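These notes concern the structure reproduced below.
Residue numbers (our numbering): 3 to 556.
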């Protein structure tokens, strides 16, 4: 389209640059400013941009057919220049039930526009987006402390704020509806008690009634009493440290970064609290039960450099594991595709519809019962080594998932699983629930109450028993919530005023439960990241005791 002899692109090029830059600076500044100033400042910036366009004639539509003026207004409100690729800063959001971090929902900016001077609008500027591990500081590390008992590292219970922006599907729904449909880890009686005790906040104001209807951009905060599962007391050993990287030998059972029920019992927090190593960028990931070489970058530049090497497949990885039976003494290459059965439970299997992957195996030793095998994954699929070993009929000796009876008599060898995915997941969860080892699956009882297990009839007697236990546990939680239905007495109110000094909480069902601690040996899986090698580095960790030639099972 041409405007008075000039095309619309030329009009943009000849806009007063200083004025346009000032407009965008005001807009971006408003996103970070005070909540009360944000709507008016954004509206002024959008109006100024609109005026600039009108001074140069009717801008019409861009080549994509979308009204250009509308795009420009949305860019001003959202803090983004059309075509620049620069995104406005996002926020963090609670994953229902057990999640910890996610980005704030991105809604159509047209729906977010507020009329200037409008009253009773609930608008909260989004928090800055977190990058995993980088944004944790002293205030986070000081939330609680560790103690050691029975070969385990334990975290003292503490108070924590789960935060989330209103999801699009919640708009127009009441808090009562949202809690009853998506946050079912607790009965409604608990949330009613939490309201009475001032634990629930909407846009930083205490919630008075669960019947309140949610609006777009509402911000929820829920203060909970948090318990973390124990991990091994084995220390994290530093293998190397320079100005660029930190390399450690990660013990089994410790997650790399906060996830699910783990926060302080993670590598990121332990390194920050006990080794004063903060602001680290994880360069790769190890499963919680996998031990061995784990690398962190100290700067974003080093992180990007090594991630480029990963993308270009310049990194060599070598693992060792101990598997069932006598593994073939010749090199074995497995190229079976892998499909994720459940992201929630963390279970995969070989399937033609899965993603292509390749692992090279070589036996190192055999003691008459089990074999030590070297593994070289040429791709990086979830649980790749464990799934391929299961397919080959030599699962890792103590793998709690892929060497489970839940897979049936063949235990998944050759990809033969005589049950549906739903039946498999149900039986896996039931098996670990009976053993009180749901933490192995990164689950808790609340995840089950939230509908992870289908209400259909269980596929095994074990599942029937476990689901019965689950129902009993739910009744106990209901009773605890009902016991707190009356206002707390004076000591309780004092506790609420200084809750962070208390390890027990009157609303917390976990405080009333007695759980048996796992044995330290139950937290070890025989899979170890032995070596990581790049174009200009190589890091090797010591061979674990279970991989020695003369090792015998306890």
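Note that beta-carbon positions come from the ideal geometry of N, C-alpha and C, so glycine has one too. As the structure is a computational prediction, the values presented were derived from the model and not from experiment.
| Asked | Found |
| --- | --- |
| Chain-order list of residues whose beta-carbon lies under 6 Å from that of residue 420 (same chain, five-residue window excluded) | 410 |
| Rounded C-alpha distance that separates residue 177 from residue 386 | 41 Å |
| Of the residues 416, 540 and 266, the one placed nearest residue 141, counting alpha carbons only | 266 |
| Contact check, residue 251 vs residue 239, beta carbons under 9 Å | yes |
| The segment 337-347 in contact with the segment 355-370 per 3-pair CB rule at 8 Å | yes |
| Residue 181 to residue 145 span [Cα, whole Å] | 26 Å |
| Cα-Cα separation, residue 541 to residue 274 | 22 Å |
| Helix, strand or coil at residue 513 according to DSSP, with G and I counted as helix | helix |
| Distance between residue 149 and residue 155 (C-alpha atoms, nearest Å) | 6 Å |
| Three CB pairs or more closer than 8 Å across the segment 359-373 and the segment 291-305 | no |
| Cα-Cα separation between residue 236 and residue 261, rounded to whole angstroms | 20 Å |
| Pairwise C-alpha distance: residue 553 and residue 329 | 16 Å |
| Under the three-state DSSP convention, the category residue 299 falls into | strand |
| Whole-Å CB distance - residue 269 paired with residue 241, under 8 Å assumed | Residue 269 to residue 241, Cβ: 13 Å. No contact. |
| Beta bridge counterpart(s) of residue 163 as assigned by DSSP | 225 |
| Close beta carbons around residue 157, own chain, < 7 Å, minus the five adjacent residues each side | 146, 148, 230, 266 and 267 |
| Cα-Cα separation between residue 138 and residue 287, rounded to whole angstroms | 18 Å |
| Residue 284 vs residue 259 beta-carbon contact at 9 Å | yes |
| Segments of 4+ residues assigned as alpha helix (DSSP H) that fall wholly inside the segment 320-355 | none |
| Close Cβ partners of residue 200 (< 6 Å) along its chain, the five nearest in sequence each way excluded | 208 |
| Alpha helix (DSSP H) segment containing residue 197, residue limits | 190-198 |
| Cβ neighbours of residue 89 in the same chain (closer than 6 Å, five flanking residues each side left out) | Residue placement at residue 89 is poorly supported in this model, since its pLDDT is 31, which falls under 50; the coordinates still yield a value, given next. For residue 89, where only same-chain residues beyond five positions count, there are no Cβ hits under 6 Å. |
| Assumed close pair residue 527, residue 398 - CB separation to whole angstroms, cut-off 8 Å | 6 Å |
| Counted within 10 angstroms of its Cβ, other Cβ atoms place residue 224 as buried (16 or more) or exposed | buried |
| First through last residue of the beta strand (DSSP E) which encompasses residue 361 | 361-368 |
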